[in-house]
Every structure is written in structure tokens, then in C-alpha cells.
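Residues 1478 to 1562 (my numbering) make up the sequence shown, in order. Backbone N, C-alpha and C fix where the C-beta goes; we use that ideal spot for every residue, glycine too.
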Amino acid sequence: MRALFVGGTVDNSELDLEGGTAPRHYPPDTGSGKARYRLHHVGLREGDIVYAVYAAPELADGEIERVADERGYARRFEAEPQLSV
């Protein structure tokens, strides 16, 4: 699965994540107790997560959705976005 970042110091960066589930925060354990990025939504293709969008904590949901749509994540990965719970 591909992790995609919106906002913060690594805006528009990407990296590969292992496993079939996306961690709720990235990095999953900072040691400080404060996550740098939160999981906003995932992209599903045939029931599998193919990408996960992580956003800086201060960004509003509408801004994250606008940026993800502008960058064409769903189209690029041929997936359906689904908000994380």
C-alpha cells in the first residue's frame, strides 16, 4: 500500500507501507506520544487498501479532500476513497 501525505513538512511525499491495514497515525510510534500525521482516508480496490492518505493534524477535512481530489489519488490508483473511522 502507498502512503500519501497532505500538509506538514512532508507534503506531497509518498512511501510504501507493509501490511494490509493502514495505521491510524504516521509514524505509528513517535515516542513523544504525539502523532505527526493522522489517517484521513484509504483507497480501496476490490476490497484491498491500495493507498492511505495521511494529513497534518491541523488541516480541515475539506482541505484534505480538496487536495486529494486535485492530486487525483483515486484516479491514479483506480480505487474508491473511503473515510477512515
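Mapping DSSP to helix, strand and coil, what is V1487? In the three-state DSSP reduction, V1487 falls in the coil class, being neither helix nor strand.
Quick check: what's the CA-CA separation for A1556 versus V1519? Separation of A1556 and V1519 (C-alpha to C-alpha, rounded to the nearest whole angstrom) is 9 Å.
In whole angstroms, what is the alpha-carbon distance linking L1492 and G1539? Straight across, the Cα-Cα distance linking L1492 with G1539 is about 23 Å.
In chain order, each beta strand (DSSP E) run of at least 3 residues that lies wholly inside the region 1498-1551: Segments of the beta strand (DSSP E) lying fully in the region 1498-1551: 1514-1522 and 1525-1532.
Taking the continuous beta strand (DSSP E) assigned at E1557, which residues delimit it? Element bounds for E1557: E1557 to L1560.
Let me check understanding here. Comparing Cα to Cα, which of A1499, P1504 and E1542 lies closest to L1521? Nearest of A1499, P1504 and E1542 to L1521, Cα basis: A1499.
Going by the CB atoms, is the gap between G1484 and L1536 shorter than 7 Å? Yes; because the gap between Cβ atoms is below 7 Å, this pair is in contact.
Return the chain-ordered list of same chain residues with a C-beta closer than 6 Å to the C-beta of A1545, the five sequence neighbours on each side being excluded. Taken in chain order, the residues that qualify are V1530.
Cβ shell of Y1608 (< 7 Å), same chain only, five flanking positions each side left out: Past the boundaries of the shown model lies residue 1608; the chain is included only from 1478 to 1562, so the question cannot be answered.
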